[in-house]
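> Quick note on numbering that gives the first Met the number 0: the sequence shown kicks off at 0 and runs consecutively.
We put the beta carbon where it would ideally sit given N, CA and C, even for glycine.
Keep in mind that this is a model prediction, so the values were computed, not measured.
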Amino acid sequence: MAVFSRNKMHHWRFHRLGGFDQVRIESGADICHLPALDQKLWAALSCPTTGVEFNARTLELLDSDGDGRIRAPELLAAVTWSCAVLKNPDDLLAGSTGLPLAAINDETEEGKRLQKAARRILDNLGKESADTITAEETADTHKIFANTRFNGDGIVPAASAEDPVLVKAIEDLISCVGSALDRSGAEGISQELADQFFAEADAYEAWWAEAEADAASILPLGDATETAAKAFSAVKGKIDDYFTRAALASFDVRAANPLNPTEADYSALAAQEISSGTALVAAFPLARIEPERALPLA
Numbered sequence: 000m001a002v003f004s005r006n007k008m009h010h011w012r013f014h015r016l017g018g019f020d021q022v023r024i025e026s027g028a029d030i031c032h033l034p035a036l037d038q039k040l041w042a043a044l045s046c047p048t049t050g051v052e053f054n055a056r057t058l059e060l061l062d063s064d065g066d067g068r069i070r071a072p073e074l075l076a077a078v079t080w081s082c083a084v085l086k087n088p089d090d091l092l093a094g095s096t097g098l099p100l101a102a103i104n105d106e107t108e109e110g111k112r113l114q115k116a117a118r119r120i121l122d123n124l125g126k127e128s129a130d131t132i133t134a135e136e137t138a139d140t141h142k143i144f145a146n147t148r149f150n151g152d153g154i155v156p157a158a159s160a161e162d163p164v165l166v167k168a169i170e171d172l173i174s175c176v177g178s179a180l181d182r183s184g185a186e187g188i189s190q191e192l193a194d195q196f197f198a199e200a201d202a203y204e205a206w207w208a209e210a211e212a213d214a215a216s217i218l219p220l221g222d223a224t225e226t227a228a229k230a231f232s233a234v235k236g237k238i239d240d241y242f243t244r245a246a247l248a249s250f251d252v253r254a255a256n257p258l259n260p261t262e263a264d265y266s267a268l269a270a271q272e273i274s275s276g277t278a279l280v281a282a283f284p285l286a287r288i289e290p291e292r293a294l295p296l297a
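#1: Which of the three DSSP states, helix, strand or coil, is assigned to H14?
#2: Does the Cβ of D139 have 16 or more other Cβ atoms within 10 Å, making it buried, or fewer, making it exposed?
#3: Return the bridge partner residues of T133 from the DSSP annotation.
#4: Return the CA-CA distance between D222 and E204, expressed in angstroms with no decimal places.
#5: Distance, Cα to Cα, L113 vs D201?
#6: Please indicate yes or no: does the CB of A228 lie closer than 6 Å to some heavy atom of the ligand ADP?
#7: Going along the chain, which unbroken runs of the beta strand (DSSP E) with 3 or more residues stay wholly within the segment 3 to 85?
#8: Is G187 helix, strand or coil when you go by DSSP?
#9: What's the gap between the Cα of G151 and the Cα of S63?
#10: Give every residue of the same chain whose Cβ lies closer than 6 Å to the Cβ of S159, excluding the five residues on either side of it in the sequence, and list them in chain order.
#11: Just verifying my parser: in three-state terms, what is the DSSP assignment at P88?
#12: Is the distance from the Cβ of V78 to the Cβ of I30 below 7 Å?
#13: Report yes if the C-beta distance between F196 and C175 is below 7 Å; otherwise report no.
#14: How is L294 classed by DSSP in three states: helix, strand or coil?
#15: Quick check on V155: buried or exposed, where buried means 16 or more other Cβ atoms within 10 Å of its Cβ?
#16: Output the distance between the C-alpha atoms of P163 and S266, rounded to the nearest integer angstrom.
#17: By the three-class DSSP mapping on this structure, what secondary structure does I273 have?
#18: Straight-line CA distance for P284 to I173?
#19: Does the Cβ of N54 have 16 or more other Cβ atoms within 10 Å, making it buried, or fewer, making it exposed?
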């Protein structure tokens, strides 16, 4: 099939509507020659993307600047692209739900990319023998990329690796620094997360080397230092809470009573089975709040 060309005179047909002559769009050639039509002959130079009886997704794509209106330059850009990637522009008026891959003009770079993308989508959907692609088949990117190892989004799920060691490495990275959502819907690792992991690993290694060189200062409890640090982290919030309350009581002695449990709090506890895990008990300060009082450890 010959590829369409604009390099010849185009003859327009008009009809009278609403008191003035309007161009009749009857063929693909009419569409492809729209850039050459004087816009004074256009019925309108813009239209909204809502309230129009037309495919909403197509209107969204035509509105390249996302301002809610499609203007003549945006429409002409779409026309130019469409005519460049089709062998026969009459396919634009065919009314078919699908586009045959053979209709794509693979003599241009854009057409080659489009045909390759269409073929890849069909292959990914398990339709290797299909020779026509529909708009619905291009719409669900999660389904398109669900079974692909690499989809170009920069996120690498563990399942995309073949080496078990690499799979474990990706899983370890995810457990340490979190994950990013791959286009297929799987959790994976990005370049940013990988950089974060290795930066933190380098920092940890440097800290550990410093700890071994100056163990007395950095690991004062020896091998028990890590356990002690975790124990402190677990109660740090309550310790800070106690000293903040004590500081407020020191600032104004009237604050001491409101900062301690009330008689009503104890009455509420009396009617239930009490343990250290009881929510109301857990909300109490570590010790009675008094101005400038140290935290008793016994």
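Once the coordinates are examined:
#1: Strand, per DSSP.
#2: With fewer than 16 other CB atoms across the displayed protein chains lying within 10 angstroms of its CB, D139 is exposed.
#3: In the DSSP output, where bridge partners are listed per residue, T133 has G97.
#4: The straight-line gap from Cα to Cα measures roughly 17 Å.
#5: A direct Cα-Cα distance of roughly 44 Å separates L113 from D201.
#6: Ligands displayed in this structure: none; no statement on the ligand ADP is therefore possible.
#7: Runs found: 13 to 16, 19 to 22, 45 to 47, 68 to 70.
#8: Assigned with DSSP and collapsed to three states, G187 falls in strand.
#9: Going by C-alpha positions, G151 is about 23 Å away from S63.
#10: Cβ-Cβ distances below 6 Å link S159 to R148 in the same chain, with the five nearest sequence neighbours on each side left out; the list follows chain order.
#11: Under the three-state reduction of DSSP, P88 is assigned to helix.
#12: Yes, the Cβ-Cβ distance between V78 and I30 is below 7 Å.
#13: Yes, the pair counts as a contact, with Cβ atoms nearer than the cut-off.
#14: Residue state, collapsed to three classes: coil.
#15: Around the Cβ of V155, a 10 Å sphere holds 16 or more other Cβ atoms; the residue is buried.
#16: Approximately 59 Å between the Cα atoms of the pair.
#17: The answer is coil: DSSP assigns I273 none of H, G, I, E or B.
#18: Here the alpha carbons of I173 and P284 stand approximately 37 Å from one another.
#19: The residue is exposed, with fewer than 16 neighbouring Cβ atoms inside 10 Å.
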